[in-house]
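Note that my numbering has the sequence shown beginning at 6, numbered continuously upward. Heads up: the structure comes next, in structure tokens.
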Amino acid sequence: MNELLKNLTEAVGVSGTEHEVRRLIRDLIVDHVDEWHVDTIGNLIALKKGTGASDLRVLVDAHMDEVGLMITGYDTDGTLKFDAVGGFDDRTLLGKVVQVAPKKLTGVIGARPVHLLDAGQRSSIVKRDAMRIDIGAKNKDAASGKVKVGDRAAFVTEYEELDETAVGKAFDNRAGCAALIELLRSRPFPFDLHAVFSVQEEVGLRGARVAGYHVNPDVALILECTPAYDLPNEDDVSPNVALGKGPSVYVMDSGTVQDPKLVAHITRVASELNMPYQIRRPGGGGTNTAVIQRIRGAISAATIAVPGRYAHTPTMMINLRDYANVVRLADATLRNLKPETIRRDI
Numbered sequence: 006m007n008e009l010l011k012n013l014t015e016a017v018g019v020s021g022t023e024h025e026v027r028r029l030i031r032d033l034i035v036d037h038v039d040e041w042h043v044d045t046i047g048n049l050i051a052l053k054k055g056t057g058a059s060d061l062r063v064l065v066d067a068h069m070d071e072v073g074l075m076i077t078g079y080d081t082d083g084t085l086k087f088d089a090v091g092g093f094d095d096r097t098l099l100g101k102v103v104q105v106a107p108k109k110l111t112g113v114i115g116a117r118p119v120h121l122l123d124a125g126q127r128s129s130i131v132k133r134d135a136m137r138i139d140i141g142a143k144n145k146d147a148a149s150g151k152v153k154v155g156d157r158a159a160f161v162t163e164y165e166e167l168d169e170t171a172v173g174k175a176f177d178n179r180a181g182c183a184a185l186i187e188l189l190r191s192r193p194f195p196f197d198l199h200a201v202f203s204v205q206e207e208v209g210l211r212g213a214r215v216a217g218y219h220v221n222p223d224v225a226l227i228l229e230c231t232p233a234y235d236l237p238n239e240d241d242v243s244p245n246v247a248l249g250k251g252p253s254v255y256v257m258d259s260g261t262v263q264d265p266k267l268v269a270h271i272t273r274v275a276s277e278l279n280m281p282y283q284i285r286r287p288g289g290g291g292t293n294t295a296v297i298q299r300i301r302g303a304i305s306a307a308t309i310a311v312p313g314r315y316a317h318t319p320t321m322m323i324n325l326r327d328y329a330n331v332v333r334l335a336d337a338t339l340r341n342l343k344p345e346t347i348r349r350d351i
């Protein structure tokens with residue numbers, strides 16, 4: 006059992022309320038870093054001093070937050086109205102168990118039962134605004150006494166391993182956080198490593214923008230969990246990325262074009278390690294690379310990701326070998342990083 010992934014994924018950290026995850030990570034890294042602090046927005050920023058062989062200023066980022074729900078009101082029957090924090094497919098919500106912070110009250114996401122729907126209603130997808138969270142409250146007053154508007158609700162999913170496959174919530178992006186923790190636990194790098202466990206990625210890449218400006222690096226590596234599209238699909242036999250086929254390397258997404266020189270360095274290192282890797286099909290999605298890349302005078306930045314099925318749902322799957330290879334690839338990428346790796350030629 007990978008206890009690091011288990012503990013991180015079962016912790017609660019919906020965007021804007023990442024404190025439980027932040028404290029857990031702080032406790033996991035405090036003996037392996039030279040300095041750490043939490044900035045005003047909530048980023049956990051740590052410094053692991055290097056050997057002094059290189060004066061590159063390097064940032065590695067992994068966002069702590071997960072998608073979830075926010076309470077927006079009450080019905081007279083005591084159920085809770087809610088909206089999404091981050092992107093969601095409404096089909097994944099019905100019947101799911103949630104815990105409503107800060108008291109972690111148990112709730113169930115429900116809607117009118119199928120027995121009471123007409124034929125037309127049965128064939129349509131139930132929209133989020135027709136769903137409610139039931140916490141067992143008898144009426145509106147009872148509900149408002151337990152839960153406040155603005156409280157977050159997180160999914161309840163226990164971590165489990167099925168051979169090489171891990172099942173749990175919030176691998177996006179606790180898998181990236183776990184990988185960064187493993188890097189901090191390793192021997193010193195040639196340069197000082199600035200680790201950023203950032204907040205509010207799922208609602209606009211907000212924490213990384215602040216942390217990137219503060220660190221002002223020469224180069225940044227972003228560790229993520231990217232959607233895998235490897236389920237049976239007769240109309241598309243060439244999936245984007247798949248579980249079990251190695252780390253995913255970004256070249257372009259909806260937010261940015263990754264630095265080609267840094268991408269070439271990453272793929273070259275993977276080849277030298279005889280490690281399988283996958284180029285993520287360009288377009289769609291986005292990561293903290295988009296904002297970190299554009300701070301101050303612009304910097305070299307790229308993303309390495311663990312492929313994950315069912316992203317932005319209550320339950321995800323990743324391949325544990327892919328995860329281990331992301332750690333290996335990130336470590337080797339950093340240890341072989343030199344100024345000329347990212348230097349632009351005319």
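The beta-carbon is built from N, C-alpha and C at its ideal position, and this holds for glycine as well.
Which residue or residues does DSSP assign as beta-bridge partners of residue i?
| i | result |
| --- | --- |
| residue 219 | For residue 219, which the question treats as bridged, DSSP gives no partner whatsoever. |
| residue 138 | 85 and 114 |
| residue 73 | 90 |
| residue 254 | 284 and 309 |
Determine the DSSP secondary structure at residue i, reduced to helix, strand or coil.
| i | result |
| --- | --- |
| residue 79 | strand |
| residue 274 | helix |
| residue 30 | helix |
| residue 23 | coil |
| residue 198 | strand |
| residue 337 | helix |
| residue 51 | strand |
| residue 332 | helix |
| residue 212 | helix |
| residue 56 | coil |
| residue 95 | helix |
Provide the residue span of the beta strand (DSSP E) that contains residue i, from first to last.
| i | result |
| --- | --- |
| residue 229 | 224 to 232 |
| residue 115 | 110 to 115 |
| residue 344 | First-last for residue 344: 344 to 347, but that is the alpha helix (DSSP H), not the beta strand (DSSP E). |
| residue 149 | Run containing residue 149: none in the beta strand (DSSP E); it sits in the alpha helix (DSSP H), 145 to 151. |
| residue 40 | 40 to 43 |
| residue 350 | Neither: residue 350 is in no beta strand (DSSP E) and is coded neither H nor E. |
| residue 105 | 102 to 105 |
| residue 35 | Note, residue 35: premise wrong, no beta strand (DSSP E); not H, not E. |
| residue 87 | 85 to 90 |
Could you spell out the range, first to last residue, of the alpha helix (DSSP H) harbouring residue i?
| i | result |
| --- | --- |
| residue 66 | Taken as a continuous stretch (DSSP letters only), residue 66 belongs to no alpha helix (DSSP H), being part of the beta strand (DSSP E) at 63 to 68. |
| residue 10 | 8 to 15 |
On the premise that residue j lies in contact with residue i, defined as a C-beta separation below 8 Å, what is that separation, rounded to the nearest angstrom?
| i | j | result |
| --- | --- | --- |
| residue 330 | residue 68 | 20 Å between Cβ atoms; not a contact. |
| residue 208 | residue 313 | No, residue 208 and residue 313 are not in contact; Cβ-Cβ is about 19 Å, not under 8 Å. |
| residue 96 | residue 130 | 6 Å |
| residue 176 | residue 323 | 5 Å |
| residue 253 | residue 283 | 5 Å |
| residue 339 | residue 179 | The Cβ separation is near 21 Å, so there is no contact. |
| residue 336 | residue 191 | 6 Å |
| residue 197 | residue 54 | 5 Å |
| residue 22 | residue 162 | Rounded, the Cβ-Cβ distance is 17 Å, inconsistent with contact. |
| residue 136 | residue 115 | 7 Å |
| residue 213 | residue 224 | That belief does not hold up - the Cβ atoms of residue 213 and residue 224 are roughly 15 Å apart, past 8 Å. |
| residue 20 | residue 70 | 4 Å |
I want to see whether chain C comes within less than 8 Å of residue i, judged by CB atoms only; does it?
| i | result |
| --- | --- |
| residue 81 | This model lacks chain C altogether; it includes just one protein chain. |
- Item | Any beta strand (DSSP E) of 3 or more consecutive residues that is wholly inside the stretch 256 to 326 | 305 to 314 and 321 to 324
- Query: Fully enclosed by the stretch 154 to 208, which beta strand (DSSP E) runs are 3 residues long or longer?
  - Reply: 157 to 160, 165 to 167, 170 to 173 and 198 to 203
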